[in-house]
Ligand SMILES: NC(=O)c1ccc[n+]([C@@H]2O[C@H](COP(=O)([O-])OP(=O)(O)OC[C@H]3O[C@@H](n4cnc5c(N)ncnc54)[C@H](O)[C@@H]3O)[C@@H](O)[C@H]2O)c1
């Protein structure tokens with residue numbers, strides 16, 4: 001029996017080590033999030049420990065010399081799964097046959113820049129990248145948009161890639177989700193893996209709604225609602241929400257740079273869940289196409305919902321009860337997204 005199991009194991013190992021490499025593009029690859037992210041991807045934390053990878057690194061022309069340094073460092077990591085690294089400033093090269101696209105690069109807000117100008121620059125970037133995905137990527141590509149404004153950039157990219165299913169596009173609200181889980185865990189003096197099913201609704205902005213009405217906390221082996229575990233409704237309805245909403249700004253204030261390590265970790269969590277699925281009985285938050293949602297959210301938006309994932313396909317968690325407190329906050333963040341979308345679509349049509 002043991003010999004049979006050993007030979008089966010060896011066969012599985014031999015087959016998996018011969019797996020075809022997948023192609024993964026990271027845009028904004030010379031930036032600070034990418035610097036924290038690329039190592040985790042290249043060593044197998046996201047797509048599996050037996051999955052060889054070809055990394056495509058896309059950035060803008062002035063950043064190519066920096067990108068060369070990133071390539072050198074990746075080579076110097078001597079990672080067995082990393083089969084090739086292709087730095088480029090050309091979308092047709094960067095998106096060629098990709099299986100996964102992590103769109104981190106975007107136009108940052110500069111001093112004195114109007115919101116509309118920022119949106120205009122990003123609409124142009126995500127229109128180009130969506131069209132390039134449409135033309136060059138595999139139709140099964142999974143696209144994760146991180147660059148801000150992440151929800152609207154994701155919507156523009158998906159609208160610019162009509163041959164790729166809308167369900168293949170998502171935007172990152174996992175960082176907000178992780179922040180919410182961690183705040184509750186710290187409050188209850190448990191580790192973060194004892195908290196599940198927090199929800200981030202809406203926009204990855206300060207109007208997002210971190211909701212713990214359906215969250216569970218495991219305290220000393222017994223599972224209870226977050227409200228019972230925290231025992232402080234005023235905190236859950238007040239400081240908890242504003243802390244999560246304002247966390248990005250607080251990190252910038254302290255670090256003089258925006259979140260990078262935690263953003264990279266959240267990107268890995270998000271993509272790994274797409275690739276391998278979510279745990280039984282658990283849901284996570286991600287910005288997805290709102291069509292067909294049961295929560296009365298306008299349909300033509302990328303809005304963060306609770307989802308479960310199986311076979312690389314997400315499904316919204318339906319039927320959660322929504323009280324008046326939650327309803328108002330879910331609608332407020334939707335209203336912000338509708339306004340952002342309308343401006344972006346107007347710019348897209350110009
Ligand atoms: N959704 C989230 O939870 C979340 C969290 C943190 C940061 N962000 C956003 O992620 C983005 C990147 O953050 P960062 O800290 O890495 O910024 P960064 O400025 O360090 O790096 C951004 C990189 O993107 C590149 N870039 C700009 N335009 C590009 C284009 N058209 N194609 C390819 N590359 C391009 C830049 O040259 C730069 O190298 C920002 O928009 C930030 O606001 C989102």
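Numbering (UniProt numbering), first residue to last: 1 to 350.
Note that CB positions come from ideal geometry on N, CA and C, so glycine has one too.
(1) For a test of the three-state rule: what should DSSP assign to residue 340, helix, strand or coil?
(2) From residue 231 to residue 265, what does the alpha carbon distance come to, in whole angstroms?
(3) If I follow the unbroken alpha helix (DSSP H) through residue 179, where does it start and stop?
(4) How is residue 209 classed by DSSP in three states: helix, strand or coil?
(5) Taking 7 Å as the cut-off, is the CB of residue 107 close to at least one heavy atom of ligand 1?
(6) Just the C-alpha distance for residue 71 and residue 277, rounded to the nearest angstrom, thanks.
(7) In angstroms with no decimal places, state the Cα-to-Cα distance between residue 67 and residue 61.
(8) Would you be able to state if there are at least three C-beta pairs under 8 Å between the stretch 251-260 and the stretch 236-243?
(9) DSSP beta-bridge partners for residue 194?
(10) By DSSP's criteria, residue 75 is part of a beta bridge. Which residues make up the other side?
(11) Below 8 Å on the Cβ atoms is my guess for residue 125 versus residue 86; work out the distance and round it to an integer in Å.
(12) For the beta strand (DSSP E) containing residue 243, name the first residue and the last one.
(13) Tell me whether residue 73 is buried or exposed, calling it buried when 16 or more other Cβ atoms sit within 10 Å of its Cβ.
(14) Between residue 177 and residue 20, what straight-line distance do the alpha-carbon atoms span, to the nearest angstrom?
(15) May I ask which residues mark the beginning and end of the beta strand (DSSP E) holding residue 222?
(16) Measure the C-alpha to C-alpha separation of residue 120 and residue 223 and round it to an integer number of angstroms.
(17) Quick check: the Cα distance between residue 179 and residue 345, rounded to an integer number of angstroms?
(18) What is the DSSP secondary structure of residue 304, reduced to helix, strand or coil?
(19) Give a single yes or no on whether residue 259 has its beta carbon closer than 7 Å to a heavy atom of ligand 1.
(20) Quick check on residue 12: does DSSP put it in helix, strand or coil?
(21) Does DSSP put residue 113 in a helix, a strand or coil?
(22) Helix or strand or just coil, what does DSSP make of residue 297?
(23) Return yes when the Cβ of residue 102 is within less than 8 Å of the Cβ of residue 267, no when it is not.
(24) Can you tell me whether residue 106 is helix, strand or coil according to DSSP?
This is what the structure gives:
(1) Within the chain shown, numbered from 1, the residue matching residue 340 stands at position 340. Three-state DSSP puts residue 340 in a helix.
(2) In the chain shown, counting from the first residue as 1, residue 231 sits at position 231. In the chain shown, counting from the first residue as 1, residue 265 sits at position 265. Going by the C-alpha atoms only, they are around 30 Å apart.
(3) By 1-based counting over the chain shown, the position of residue 179 is 179. Boundaries of the alpha helix (DSSP H) around residue 179: 174-188.
(4) Counting from one through the chain shown, the residue named residue 209 turns up at place 209. In the structure shown, residue 209 sits in a strand (DSSP, three-state: E or B).
(5) Looking up residue 107 in the chain shown gives position 107. In this structure, the C-beta of residue 107 approaches ligand 1 to less than 7 Å from one of its heavy atoms.
(6) Translated into positions along the chain shown, residue 71 becomes position 71. Translated into positions along the chain shown, residue 277 becomes position 277. Approximately 30 Å between the Cα atoms of the pair.
(7) Locating residue 67 in the chain shown gives position 67, counting from the first residue. Locating residue 61 in the chain shown gives position 61, counting from the first residue. Roughly 10 Å between the two C-alpha positions.
(8) Here the stretch 236-243 does not lie against the stretch 251-260, with fewer than 3 beta-carbon pairs under 8 Å apart.
(9) For the purposes of this step, residue 194 is taken as residue 194 along the chain shown, with counting starting at 1. Note: residue 194 sits in no beta bridge, so no partner.
(10) Position 75 of the chain shown, counting from 1, holds the residue named residue 75. DSSP lists no partner for residue 75.
(11) Counted from its first residue, the chain shown places residue 125 at position 125. Counted from its first residue, the chain shown places residue 86 at position 86. Between residue 125 and residue 86 a beta carbon distance of about 20 Å is seen, past the 8 Å cut, so the two are scored as non-contacting.
(12) Here the question's residue 243 lines up with position 243 in the chain shown. Residue 243 -> not in any beta strand (DSSP E); alpha helix (DSSP H) instead, spanning 239-245.
(13) Sequence index remark: in the chain shown, residue 73 carries index 73 (1-based). Classification for residue 73: exposed.
(14) To locate residue 177, count along the chain shown from 1; it is residue 177. To locate residue 20, count along the chain shown from 1; it is residue 20. If I take the Cα positions, the gap works out to 33 Å.
(15) Within the chain shown, numbered from 1, the residue matching residue 222 stands at position 222. Counting along the chain, residue 222 sits inside the beta strand (DSSP E) bounded by residues 222-225.
(16) Here the question's residue 120 lines up with position 120 in the chain shown. Here the question's residue 223 lines up with position 223 in the chain shown. Cα-Cα distance, rounded: 47 Å.
(17) Stepping through the chain shown from its first residue, residue 179 is reached at position 179. Stepping through the chain shown from its first residue, residue 345 is reached at position 345. One alpha carbon belongs to residue 179, the other to residue 345, and they sit about 31 Å apart.
(18) Stepping through the chain shown from its first residue, residue 304 is reached at position 304. In this structure, residue 304 counts as strand in the three-state DSSP scheme.
(19) In the chain shown, counting from the first residue as 1, residue 259 sits at position 259. Yes, ligand 1 has a heavy atom inside 7 Å of this Cβ.
(20) Residue 12 sits at position 12 when you count from the first residue of the chain shown. With a pLDDT of 49 at residue 12, under the threshold of 50, the modelled position of that residue is not reliable, and no figure is offered here.
(21) Against the chain shown, residue 113 aligns to sequence position 113. Three-state result, residue 113: coil.
(22) Position 297 of the chain shown, counting from 1, holds the residue named residue 297. The answer is coil: DSSP assigns residue 297 none of H, G, I, E or B.
(23) Counted from its first residue, the chain shown places residue 267 at position 267. Counted from its first residue, the chain shown places residue 102 at position 102. In this structure, residue 102 lies closer than 8 Å to residue 267 by Cβ.
(24) For the purposes of this step, residue 106 is taken as residue 106 along the chain shown, with counting starting at 1. Residue 106 falls in the coil class under three-state DSSP.
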